[in-house]
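Okay, structure first, notes after.
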Amino acid sequence: MEMVERYIFAVTQKLPQSQRKDIAIELRGLIEDMLEDRSGKNHYTESDIEEVLLELGRPKELADKYRSTKKYLIGPELFDSYLYILKVILAVVGISIGVGFAIQVVINPVNILDHFVDMIVSAVTALPMAFGWTTFGFAMGELMGNVKKEDLQWEKEEWKPTNLPPIPVEHSRVKRGEAVTSIIFYAFFIVLFSFSSDYLGVWVFHDEFNGVVPFLNEQNYGTYLVFIILTLGIGILNECLKLAFGKWSYKLVLYTTVSNTLSMAIILFMVTATDFWNPTFMSELVEANVLIAGSEGYDTFNWIWSRVTFWTIVILIISIVWNGVDGFLKAKKNK
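Taken in order, the sequence shown gives residues 1 to 335; the numbers are from full-length UniProt numbering.
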C-alpha cells in the first residue's frame, strides 16, 4: 500500500493544512472501497492499486476538486502558514515599535511628543513593509516551490502512479517552527535597523544613561539601509521557499545557496566599505570614559574592533558552506 500512501501525500500536500488530515482519511477509505469493488478480496496486487489510482487521476487534478478555487497568488498549501506568519510578524513589528517608544521615553522623557510622532511614522512605514516582504516571499515560494514537472505535462501525456515521488523522511522535511522563528527574527531586525539604528552600539552609563557610541557611520547609514533591508528580505524569501517546498530537494538547495550567496555579496560590499563602520568609534569610547587610551582594556578592545570585518566574512562563509552541505545531505536522503 506504499503507492497509496504516496498518492494520498501528493494530493493532500496541495490542500490547506487544516483540511489535510480529514481528506487523507476520506481518500484512503475511498481507495480501499474501490479496491474491494474491483478485486473483491482483501489482498490487492500492485496492478490493482495502479488501476484505481489511474481512475482517480493526477494528484493535482484530484486536489483541485477538493477546493472551490483554483487561481491564487498564494495557494491553499501555503495559505494557512502565510496567515499565521503574517499575524505573528505584524505583532512582532508592532511590539518592537512599542518597546522602542517606551525605551526612548525612559531615556529622554522631555521629548515624549517627538518620540510619539516617531512611533506613528515607524508603524505606518514598518507594518506595510512587513506585510509586503512576507506576501512577496510566500508568492515567490508558491511560484518556485509549487511548479513541478508533473504539473506542467500536457493532458494527453500518460500519467503513471509509479512516478509518484516518495514520502519524504521525517528528518529531511523542512521544520516549520524553525522557518517561522527565522522569519520573525528577520522581521524584528528590519524594524531595528530601520527605526532604532541609534541604539546599535555601546550603551554608556555613568549613574544614568549617557548615550550610545554607534558601531556604524551615522552620516552614511541611510545609503546602506536599503542594502540591509534587502539582505533581511532575502532571508525572509529563503524561509518562505523552505515552507513552500516542505522538504529538502536539490532544487531547494540550489535556490537557497544562490540567495545566500547574493546576501553574502551584499554584506561583503557593506562591511568592506571604508565608510560603513564608525571611523571614530574608539576615540568616542575614550571621550565617553568607557575606555582609557593606552590601557590594556583599550588595546584589547581595539584589537577586537579592528578584526570585526574579517570575522564577519569568516562567519558568513562558514554559514553558507554549512547550510549548503546540510541541505544537500538532507536532499540526498530524499532521493
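The beta-carbon is built from N, C-alpha and C at its ideal position, and this holds for glycine as well. Just so it is clear, the structure is predicted and the values come from calculations on it, not from any experiment.
#1: Nearest by alpha-carbon distance to Phe189: which of Val325, Val93 and Tyr298 is it?
#2: Could you compute how far the alpha carbon of Ser263 sits from the alpha carbon of Asp37?
#3: At what residue ranges does the stretch 10-48 contain a whole run of the alpha helix (DSSP H), taking only runs of 4 or more?
#4: What's the gap between the Cα of His43 and the Cα of Cys240?
#5: If the criterion is Cβ atoms closer than 8 Å, does the pair Ile107 and Ala123 meet it?
#6: Return yes when the Cβ of Ala179 is within less than 8 Å of the Cβ of Leu243, no when it is not.
#7: By the 10 Å Cβ neighbour count, where 16 or more other Cβ atoms means buried, how is Phe195 classified, buried or exposed?
#8: Would you mind giving the Cβ-Cβ distance between Ile74 and Ala130, rounded to the nearest angstrom? I have them listed as a contact below 8 Å.
#9: For Thr134 versus Leu86, is the C-beta distance shorter than 8 Å?
#10: In the DSSP assignment, find the unbroken alpha helix (DSSP H) run with Glu61 in it and report its ends.
#11: Consult DSSP for Asn302 and reduce its assignment to one of helix, strand or coil.
#12: Could you spell out where the beta strand (DSSP E) holding Glu208 opens and where it closes?
#13: How many Å lie between Lys14 and Val117 at the Cα?
#14: According to the Cβ coordinates, are Ile8 and Leu35 closer than 8 Å?
#15: Ends of the alpha helix (DSSP H) at Ser319?
#16: With distance defined between alpha-carbon atoms, name the residue in Ile236, Lys333 and Pro59 nearest to Tyr250.
#17: Residues in the same chain with beta-carbon distance under 7 Å from Gly246, minus the five sequence neighbours each way, listed in chain order, please.
#18: Return yes when the Cβ of Val204 is within less than 8 Å of the Cβ of Ala288, no when it is not.
#19: Identify, in the order they occur along the chain, each residue of the same chain with its Cβ nearer than 8 Å to the Cβ of Val286, setting aside the five sequence neighbours on each side.
#20: If you follow the alpha helix (DSSP H) that Phe276 is in, where does it begin and where does it stop?
#21: Check for me: the alpha helix (DSSP H) holding Arg176 runs from which residue to which?
#22: Less than 8 Å between the beta carbons of Ala10 and Pro59, yes or no?
#23: Under 6 Å Cβ to Cβ from residue 338, same chain only, skipping five residues before and after it: list those, please.
#24: By a C-beta neighbour count over all protein chains shown, 10 Å radius and 16 as the cutoff for buried, is Phe281 buried or exposed?
#25: One question on the structure: do Ser182 and Gly235 come within less than 8 Å of each other, judged by their Cβ atoms?
Straight from the coordinates:
#1: As a position in the sequence shown, residue 189 is number 189, starting the count at 1. Comparing Cα-Cα distances from Phe189 to each of Val325, Val93 and Tyr298, the minimum goes to Val93.
#2: Translated into positions along the sequence shown, residue 263 becomes position 263. Translated into positions along the sequence shown, residue 37 becomes position 37. Distance between the alpha carbons of Ser263 and Asp37 is about 57 Å.
#3: 17-39
#4: Within the sequence shown, the letter at position 43 stands for residue 43. Within the sequence shown, the letter at position 240 stands for residue 240. If you take the alpha carbons of His43 and Cys240, they lie about 42 Å apart.
#5: As a working mapping, residue 107 is identified with position 107 in the sequence shown. As a working mapping, residue 123 is identified with position 123 in the sequence shown. The answer is no: Cβ separation not under 8 Å.
#6: Mapped onto the sequence shown, residue 243 falls at position 243. Mapped onto the sequence shown, residue 179 falls at position 179. Yes; because the gap between Cβ atoms is below 8 Å, this pair is in contact.
#7: The residue you call residue 195 lines up with position 195 of the sequence shown. The residue in question, Phe195, is buried, as its Cβ has 16 or more Cβ neighbours within 10 Å.
#8: As a first step, residue 74 must be located in the sequence shown, where it is residue number 74. As a first step, residue 130 must be located in the sequence shown, where it is residue number 130. The Cβ separation is near 16 Å, so there is no contact.
#9: For the purposes of this step, residue 134 is taken as residue 134 along the sequence shown, with counting starting at 1. For the purposes of this step, residue 86 is taken as residue 86 along the sequence shown, with counting starting at 1. Cβ distance < 8 Å, so Thr134 and Leu86 count as in contact.
#10: Stepping through the sequence shown from its first residue, residue 61 is reached at position 61. Start and end: Pro59 to Tyr66.
#11: Taking the sequence shown and counting its residues from 1, one reaches residue 302 at position 302. Of the three classes helix, strand and coil, the one that applies to Asn302 here is helix, per DSSP.
#12: Residue mapping note: residue 208 aligns to position 208 of the sequence shown, counting from 1. Looking at the DSSP string, the run of the beta strand (DSSP E) that includes Glu208 is Glu208 to Pro214.
#13: Mapped onto the sequence shown, residue 14 falls at position 14. Mapped onto the sequence shown, residue 117 falls at position 117. Spanning the two alpha carbons is a distance of roughly 45 Å.
#14: Counting from 1 along the sequence shown, the entry for residue 8 is found at position 8. Counting from 1 along the sequence shown, the entry for residue 35 is found at position 35. Not in contact: Ile8 and Leu35 (Cβ atoms no closer than 8 Å).
#15: The residue labelled residue 319 in the question sits at position 319 within the sequence shown. Segment Val308 to Lys333, the alpha helix (DSSP H) holding Ser319.
#16: Your numbering for residue 250 matches position 250 in the sequence shown. Among Ile236, Lys333 and Pro59, the Cα nearest to that of Tyr250 is on Lys333.
#17: As a working mapping, residue 246 is identified with position 246 in the sequence shown. Excluding residues within five positions, the ones whose Cβ falls inside 7 Å are Gln13, Arg173 and Val174.
#18: One-based indexing of the sequence shown puts residue 288 at position 288. One-based indexing of the sequence shown puts residue 204 at position 204. Yes, these two residues count as a Cβ contact at 8 Å.
#19: Counted from its first residue, the sequence shown places residue 286 at position 286. Only Ile292, Ala293 and Tyr298 meet the Cβ criterion.
#20: As a position in the sequence shown, residue 276 is number 276, starting the count at 1. Careful: Phe276 lies outside any alpha helix (DSSP H) and carries neither H nor E.
#21: Here residue 176 corresponds to residue number 176 of the sequence shown, with the count starting at 1. Run containing Arg176: Arg176 to Phe195, per the alpha helix (DSSP H) assignment.
#22: Along the sequence shown, read from residue 1 onward, the residue named residue 10 stands at position 10. Along the sequence shown, read from residue 1 onward, the residue named residue 59 stands at position 59. Contact: yes.
#23: Past the boundaries of the shown model lies residue 338; the chain is included only from 1 to 335, so the question cannot be answered.
#24: Numbered from 1 along the sequence shown, position 281 holds the residue referred to as residue 281. Classification of Phe281: buried, given that the 10 Å Cβ count is 16 or more.
#25: The residue you call residue 182 lines up with position 182 of the sequence shown. The residue you call residue 235 lines up with position 235 of the sequence shown. Against a cut-off of 8 Å, the Cβ pair of Gly235 and Ser182 comes out as a contact.
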